[in-house]
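Contents: one structure, followed by commentary.
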Amino acid sequence: MTEHDCISVVEYTGGVLAVDSGFVREHMVACYLLEAETEVAIIEVGTNSSTPRLMKVLAARGWQPEDVRYVIVTHVHLDHAGGAGSLMQLLPNATFLVHPYGARHMVDPARLEASARAIYGDEVFEQIYGKLIPVEESRLRKMEDGDTVKLGSRQLFFMDTPGHARHHFCVHDNLTNGWFCGDTFGLSYREFDTRKGAFIFPTTTPIQFDPIAAKASILKLAATQPEHMYLTHYGRIDDIPGLAEHLLEGLDTLVGFAEQHLHEADRAQKIEKAIQEWLLSGLVKHGVKLSSEKCLELLHTDLVLNTQGIDFWLDHRDG
Ligand SMILES: [Zn+2]
């Protein structure tokens, strides 16, 4: 069996499918297919190595490359948008929808690439991301707060949601009353589901971390009374009011850690350790039976991926 024969695809109600991008580990980064009558959209594209997976799933669902009307990324971090250029090359009718602040990094990914290479080193960068391919400017549309597009009988509504990154929007699907929320509504891995439901925690981007904006964005999303959130990390979650409350509390906790260690020389390490301990005890309280080693293994990449470099740099470039 090849790697492509065992792509995890979860089909939700209302023509929404989560396709595992294959990035890092199973069920860490989801891409979504949003199916309408005669056309389809892809929301989040993963990395270059996700492109053949998405093409394979499209074909298996009976879609031609010409049927893809929109390719959308919630923000331009590479686990969400690294494969944009390679995917767009294969989808002749697709328009690429992106936040106004992220657009130029998709048209000219040289700076994104240089920044990521500086963080990961050339070897690791090439292994996990490959060569970043530009998206043609003529095929790209910047989506402002409040903009909408039609996808068959669906209406997609775009809302500016800074916090995790300033170039982040969320996309509402009217048919399922759900938000494709990127990293704005935190992280929630299915491995941590228990009888109590989903375990959720905020994304922790140490340098760009903007808790005030993040909270405002969570409140804005929750105020629309959605039935679902489609998280990039990972999958659909329901019971949104309860989870929103957890996220807001989580953000307060993170701010507390940051303030507590503000003036210490090794504050990054201290804060990271505090976050780890907090998450592990939260998982135990939630009834997760996995060992702490296994939990840390599942959480490890976030602590690495949500790391300073790209966020910091982008924030300053776009500010
Ligand atoms: Zn992410």
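Be aware that the sequence shown starts at 137, since it is given in our numbering, and climbs by one per residue. Heads up, the beta-carbon is just placed ideally off N, CA and C, and yes, glycines get one too. If you're wondering where the values come from, they're calculated on a predicted model, not measured in any experiment.
Count the other CB atoms within 10 Å of the CB of residue i; is the residue buried (16 or more) or exposed (fewer)?
i	result
N310	exposed
E280	exposed
P338	buried
V459	Given that the chain is displayed from residue 137 to residue 455, the structure contains no residue 459 and the question cannot be resolved.
C142	exposed
D402	exposed
L450	Legend: pLDDT at L450 = 40, less than 50; position of this residue unreliable, value from coordinates given subsequently. With 16 or more Cβ atoms within 10 Å of its Cβ, L450 is classed as buried.
H235	buried
E505	Limits of the chain in this structure are 137 at one end and 455 at the other, which puts residue 505 out of reach.
H436	exposed
R331	exposed
D438	buried
H452	Here H452 scores only 49 on pLDDT, less than 50, and its place in the model should not be relied on; the value that follows carries that caveat. Its Cβ having fewer than 16 others within 10 Å, H452 is exposed.
S251	buried
A246	exposed
V212	buried
G423	exposed
DSSP three-state label for residue i, please.
i	result
T264	Sequence check: residue 264 is Ile here, not Thr. Reduced to three states, the DSSP call for I264 is helix.
Y256	helix
W414	helix
I446	The predicted model places I446 with a pLDDT of 37, which falls under 50 and marks its position as unreliable; any figure quoted below should be read in that light. Helix at I446.
A154	strand
H436	helix
E395	helix
L311	coil
G371	strand
E147	strand
K406	helix
T389	helix
L287	strand
A230	coil
Q275	Inspection of the sequence shows that residue 275 is occupied by Arg rather than by Gln. R275 falls in the helix class under three-state DSSP.
C456	Outside the shown range of the chain, which is 137 to 455, sits residue 456, and nothing can be said about it.
H382	helix
Along the chain, where does the alpha helix (DSSP H) that runs through residue i open and close?
i	result
F328	No alpha helix (DSSP H) contains F328, which DSSP labels as neither H nor E.
V193	187-196
A166	First-last for A166: 166-171, but that is the beta strand (DSSP E), not the alpha helix (DSSP H).
V243	239-243
L357	347-359
L426	First-last for L426: undefined, no H or E at that position.
G282	Unbroken run through G282: none, as it is neither H nor E.
G182	Segment: none, G182 is in no alpha helix (DSSP H) and carries neither H nor E.
Nearest CA to the CA of residue i: which residue from the options?
i	options	result
D374	S144, I143, Y148, H216	Y148
R302	E272, T284, G238, H364	G238
H304	F335, Q291, G322	G322
L169	G158, L248, V181, I264	V181
K425	E249, R275, E327, S251	E327
R197	A177, H211, C306, S185	A177
G456	A394, I179, G318	Residue 456 falls outside the range modelled here, since the chain spans only 137 to 455, and no answer is possible.
T187	Y265, F261, M164	Y265
E162	G418, E408, T368, K356	T368
L214	L416, L419, R372, S185	S185
A174	F159, V165, E202	According to the sequence provided, residue 174 is Thr. The question's Ala does not apply to it. That would be E202, whose Cα lies nearest to the Cα of T174.
Can you confirm whether residue i, when its beta carbon is compared against all beta carbons of chain D, has any partner nearer than 8 Å?
i	result
V391	In the structure shown, chain D does not exist; there is a single protein chain.
Start and end of the beta strand (DSSP E) containing residue i?
i	result
L214	Counting along the chain, L214 falls outside any beta strand (DSSP E), though it belongs to the alpha helix (DSSP H) covering 214-217.
M295	290-296
A401	Looking at the DSSP string, A401 is not in any beta strand (DSSP E), and its letter there is neither H nor E.
A177	176-179
V204	204-208
Report yes if the C-beta of residue i is less than 7 Å from at least one heavy atom of ligand 2; otherwise report no.
i	result
T297	Inclusion of ligand 2 in the displayed structure is not the case, the ligand content consisting of ligand 1 alone.
Note to self: For the pair the stretch 151-166 and the stretch 184-196, tell me if three or more CB-CB distances fall below 8 Å.
What the structure shows: Yes: at least three Cβ pairs fall under 8 Å.
Next item on the list: Examine the Cβ distances between the stretch 248-262 and the stretch 219-227 and report whether three or more of them are shorter than 8 Å.
Entry: Contact fails: fewer than three Cβ-Cβ distances are below 8 Å.
Note to self: Tell me whether the stretch 397-410 and the stretch 309-327 touch, counting them as touching only if at least three CB pairs, one residue from each stretch, are closer than 8 Å.
What the structure shows: Cβ pair count under 8 Å is below three, so no.
Item checked: Three-pair Cβ contact test at 8 Å for the stretch 291-301 versus the stretch 354-367 -> Yes: at least three Cβ pairs fall under 8 Å.
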